[in-house]
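Everything below concerns the one structure shown next.
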Amino acid sequence: MINPVFLRTFMDLVETNHFTRTAERLNMTQPGVSQHIKKLEAQLGKPLLNRHGKTFDLTTAGESLYQYGLRQSAAETELRNSIAEDDRHSGPCRLACSGSMAMQLYPQLLGLQKQFPGITVQVEAAPNSTIIERVRTNRSDMGIVTQPVRDPTLLEERLGEDPLCLALPAQADSAWESLLHLGFINHPDGHHYAIQLLEANFPETFLGMDHIRESGYVNQLSQILLPVSMGLGFTVIPHSSLDAFPYPALIRSSPLATRVDETVYLVTKKYRALPSRFSLISEILDAQWD
40 MINPVFLRTF
50 MDLVETNHFT
60 RTAERLNMTQ
70 PGVSQHIKKL
80 EAQLGKPLLN
90 RHGKTFDLTT
100 AGESLYQYGL
110 RQSAAETELR
120 NSIAEDDRHS
130 GPCRLACSGS
140 MAMQLYPQLL
150 GLQKQFPGIT
160 VQVEAAPNST
170 IIERVRTNRS
180 DMGIVTQPVR
190 DPTLLEERLG
200 EDPLCLALPA
210 QADSAWESLL
220 HLGFINHPDG
230 HHYAIQLLEA
240 NFPETFLGMD
250 HIRESGYVNQ
260 LSQILLPVSM
270 GLGFTVIPHS
280 SLDAFPYPAL
290 IRSSPLATRV
300 DETVYLVTKK
310 YRALPSRFSL
320 ISEILDAQWD
């Protein structure tokens with residue numbers, strides 16, 4: 040890594056074209072300026088100056104280093120400006136949520152981006168554990184999960200409730216033996232959803248997911264109802280996911296004796312203040328669960 044102090048001395052020397060004036064500008068001695076240049080040359084393994092008495096010209100390596108310094112200076116200026124200007128209508132917004140949430144929210148987020156082209160929306164569909172990890176490691180700015188977060192570095196805010204549903208092929212019944220015959224279409228949050236719903240509605244017969252045949256797995260929740268519609272199994276998903284399925288006549292949501300709601304939480308980093316543009320995302324989320 041190029042020493043930033045030595046680089047600054049070199050850049051000032053090129054701009055003043057004079058060792059003494061550079062020393063005065065940097066509050067150094069002239070030998071100190073020369074020493075910085077020599078250390079840069081040793082670090083790079085190339086001479087930077089062609090000296091002619093008290094004057095000098097840049098070598099090819101010196102010119103390359105000077106152009107590098109200009110780019111570094113421009114990048115620093117851009118960084119400082121972006122930090123100083125918190126534009127409500129510009130910048131990336133990274134959100135992680137389940138596939139079902141993505142199906143609901145993505146069209147609204149794209150509408151926000153269309154309204155404010157300076158905003159770029161990045162949505163990652165993932166299971167709860169991955170969402171929490173992404174927010175914790177700053178790979179996502181916000182996360183929406185359906186389980187409490189037990190992490191002292193994170194904040195959780197309750198958004199609302201999302202009822203779970205037992206999704207079946209249109210002609211199938213919801214008797215326990217019929218479910219066992221169909222088998223379970225799994226997905227990243229499949230067992231998490233199914234255990235809650237089946238324990239509440241089949242307390243005498245449900246012995247755990249190990250006792251139900253898995254007849255398929257889909258890691259994109261937007262596709263999980265396709266095998267269900269073809270009679271290949273049943274699944275458990277948030278009720279909101281049914282609305283986005285393009286063939287509603289091929290599936291049905293079975294009536295349940297006991298309703299099971301998933302509490303939906305917004306997760307952010309506790310000690311990381313988000314830019315003002317995220318208030319626009321919060322407005323969409325508040326309206327979704329109003």
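Residues in the sequence shown are numbered consecutively from 40, following the working numbering.
C-beta: ideal position from N, C-alpha, C; glycine also.
Let's test the definition: count the other Cβ atoms within 10 Å of the Cβ of ASN66 and tell me whether it reaches 16, buried, or not, exposed. Exposed is the label assigned to ASN66, since fewer than 16 other Cβ atoms lie within 10 Å of its Cβ.
Name the two residues that bound the continuous beta strand (DSSP E) containing PRO314. Looking at the DSSP string, PRO314 is not in any beta strand (DSSP E), and its letter there is neither H nor E.
Beta strand (DSSP E) segments (min. 3 residues) lying fully within the stretch 277-310: Fully enclosed beta strand (DSSP E) runs of 3 or longer: 290-293 and 300-308.
My guess is that GLU301 and PRO277 are in contact by the Cβ rule of under 8 Å, so how many angstroms apart are they, rounded? Yes, they are in contact, since the Cβ atoms of GLU301 and PRO277 sit about 6 Å apart, within 8 Å.
Could you name the residues of the same chain whose beta carbon sits closer than 6 Å to that of PHE58, not counting the 5 residues immediately before and after it, in chain order? Excluding residues within five positions, the ones whose Cβ falls inside 6 Å are GLN69 and VAL72.
Check HIS91 in the structure and name its three-state DSSP category. HIS91: strand per DSSP, three-state reduction.
Contact check, LEU289 vs GLU195, beta carbons under 8 Å: Taking 8 Å as the Cβ cut-off, LEU289 and GLU195 do not qualify as a contacting pair.
Could you work out which residue in LEU219, ASP228, GLY270 and PRO227 is closest to PHE245 when comparing CA atoms only? When the alpha-carbon of PHE245 is set against those of LEU219, ASP228, GLY270 and PRO227, the nearest one is in LEU219.
Does the Cβ of ARG173 have 16 or more other Cβ atoms within 10 Å, making it buried, or fewer, making it exposed? ARG173 is buried by the Cβ-count criterion.
Indicate the three-state DSSP secondary structure (helix, strand or coil) for ASN225 in the structure shown. The three-state secondary structure of ASN225, taken from DSSP, is strand.
Around the Cβ of GLY150, are there at least 16 other Cβ atoms within 10 angstroms (buried) or fewer (exposed)? By the 10 Å Cβ count, GLY150 comes out exposed.
Using three-state DSSP, classify ALA164 as helix, strand or coil. In this structure, DSSP gives ALA164 an extended state, which the three-state scheme calls strand.
Among the candidates ASN225, PRO131, GLY130 and ALA164, whose CA atom is the shortest distance from the CA of GLN143? Minimum Cα distance to GLN143 is reached at ALA164.
Short Cβ contact (8 Å threshold) for MET248 with ILE263: Using a Cβ distance threshold of 8 Å, MET248 and ILE263 do not count as a contacting pair.
Measuring only the C-alpha atoms, how far is ALA62 from ALA113? Spanning the two alpha carbons is a distance of roughly 24 Å.
I'd like to know whether the C-beta atoms of GLN161 and CYS132 end up nearer to each other than 8 Å. With contacts defined by Cβ atoms closer than 8 Å, GLN161 and CYS132 form a contacting pair.
Could you tell me which of GLN111, ARG64, ILE41 and PHE95 sits nearest to GLU25, measuring between CA atoms? Look at the range of the chain in this structure, 40 to 329, and you will see that residue 25 is not part of it.
Does the separation of the CB atoms of GLY222 and VAL303 fall below 8 Å? Cβ atoms of GLY222 and VAL303: not closer than 8 Å.
Can you tell me whether ALA209 is buried or exposed? The criterion is at least 16 other CB atoms within 10 Å of its CB, across all chains shown. With fewer than 16 other Cβ atoms from the protein chains shown falling within 10 Å of its own Cβ, ALA209 counts as exposed.
Can you give the Cα-Cα distance for LEU271 and ASP180, rounded to whole angstroms? C-alpha separation (whole angstroms): 37 Å.
Beta-carbon gap between GLY108 and LEU46 smaller than 8 Å: Taking 8 Å as the cut-off, the beta carbon of GLY108 is found closer than this to the beta carbon of LEU46.
Alpha-carbon to alpha-carbon, PRO202 and VAL267: Roughly 19 Å separates the two Cα atoms.
When PHE95, PRO166, HIS128 and GLU115 are compared against MET140, the one with the closest alpha-carbon: Here the closest residue by C-alpha is PRO166.
Residue of SER168, PRO314 and ARG90 minimising C-alpha distance to ASP126: From the listed residues SER168, PRO314 and ARG90, the smallest Cα separation to ASP126 is found for PRO314.
I'd like the span of the alpha helix (DSSP H) that includes ILE183, first residue to last. Where ILE183 is concerned, there is no enclosing alpha helix (DSSP H), although the beta strand (DSSP E) it sits in stretches over 181-184.
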